[in-house]
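Chemist:
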Amino acid sequence: MNFVVEKKDKHTLITSKVEKLNNVVAPELKGEVVMLDKNGESSMIIDLAETRYCDSSGLSALLVANRLTRASGGTL
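The sequence shown begins at 0 in numbering that gives the first Met the number 0 and counts up by one.
(1) What is the DSSP secondary structure of methionine 34, counted as helix, strand or coil?
(2) Identify the continuous alpha helix (DSSP H) that holds leucine 58 and give its terminal residues.
(3) Between which residues of its own chain and glycine 72 is the CB-CB distance below 7 Å, once the five residues before and five after are set aside?
(4) With DSSP collapsed to three states, give me the class of glutamate 18.
(5) Glutamate 49 by DSSP, collapsed to three states: which one?
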């Protein structure tokens with residue numbers, strides 16, 4: 000799995016385990032974020048400490064996460 004999801008207090012922590020957030024793995028991140036949003040998780044932290052590169056697909060996944068959390072009154 001490329002991402003680890005953990006519930007931490009009031010936030011959900013999504014930890015990236017990939018060096019490149021690109022068109023290969025970005026759909027997985029988007030899927031995780033959408034699933035969490037549908038389950039009522041509105042505050043998320045995305046830990047990209049292990050990620051060294053992000054292309055436009057990765058940026059799109061992050062923007063989707065931002066849009067969904069803001070729409071549900073949460074934070075990213």
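Ideal Cβ placement from N, Cα and C applies to all residues, glycine included.
Bear in mind that the values here come from a model prediction, so they are computed numbers and not experimental data.
Modeler: In brief:
(1) In the three-state DSSP reduction, methionine 34 falls in the helix class (H, G or I).
(2) 55-70
(3) Ser41
(4) The answer is coil: DSSP assigns glutamate 18 none of H, G, I, E or B.
(5) coil
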